[in-house]
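Have a look at the structure below, then the notes.
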Amino acid sequence: MKDELVIEEAIAAIAKRAGTEIDRMDIGITLSTAMTKEQREDLVAMMGFLVGQKMEPATILYNLLHDLNGLKAVYLKDPAGKCFSPRSSGYRLKKVS
């Protein structure tokens, strides 16, 4: 649960830098119920990579929300989840220099 809170706070900070707000409760629930530990690690790794590339906060937020919403759709067995492919998949396994 602590990891999910840290991720949620990081996403909220990125959203603030992008000039918008997010539904922190929705993100927290998605992180804790719809995502596996490995998926959360991939999301954090992707977030670190995108921040390290000095991408615009709105672009980073867009990519993070894509994965959060897609994984929630898969978890809820929404038809949209059938064609979802997470952008962060495998990031924790990649060596980024």
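Okay, so the sequence shown: first residue is 81 according to our numbering, each after it adds one. From the three backbone atoms N, C-alpha and C, an ideal C-beta is built for every residue, glycine too.
(message) Quick check on DSSP: helix, strand or coil for Gly-170?
(response) coil
(message) Distance check for Leu-130 and Gly-99, CA to CA, integer angstroms please.
(response) 18 Å
(request) Within the same chain, show all residues whose beta-carbon is closer than 8 Å to that of Glu-89, passing over the 5 residues directly before and after it, in chain order. (result) Contacts found: none.
(request) In the DSSP assignment, find the unbroken alpha helix (DSSP H) run with Gln-119 in it and report its ends. (result) 117-132
(message) Rounded to whole angstroms, what is the Cα-Cα separation between Met-121 and Asp-158?
(response) Looking at the sequence shown, residue 121 is not Met but Glu. Rounded to whole angstroms, Glu-121 to Asp-158 spans 24 Å at the Cα level.
(message) In chain order, what are the residue ranges of uninterrupted alpha helix (DSSP H) at least 4 long that sit wholly in the stretch 86-112?
(response) 104-109
(request) Quick one: using the 10 Å Cβ neighbour count with 16 as the cut-off for buried, is Met-127 buried or exposed? (result) Counting Cβ neighbours within 10 Å, Met-127 comes out buried, since at least 16 surround it.
(message) Tell me which residue opens and which closes the alpha helix (DSSP H) that Gly-161 is part of.
(response) Where Gly-161 is concerned, there is no enclosing alpha helix (DSSP H), given that its DSSP letter is neither H nor E.
(message) Using the Cβ count rule (16 or more neighbours within 10 Å means buried), how would you classify Met-115?
(response) buried
(message) If you reduce the DSSP assignment to three classes, tell me which class Glu-84 lands in.
(response) helix
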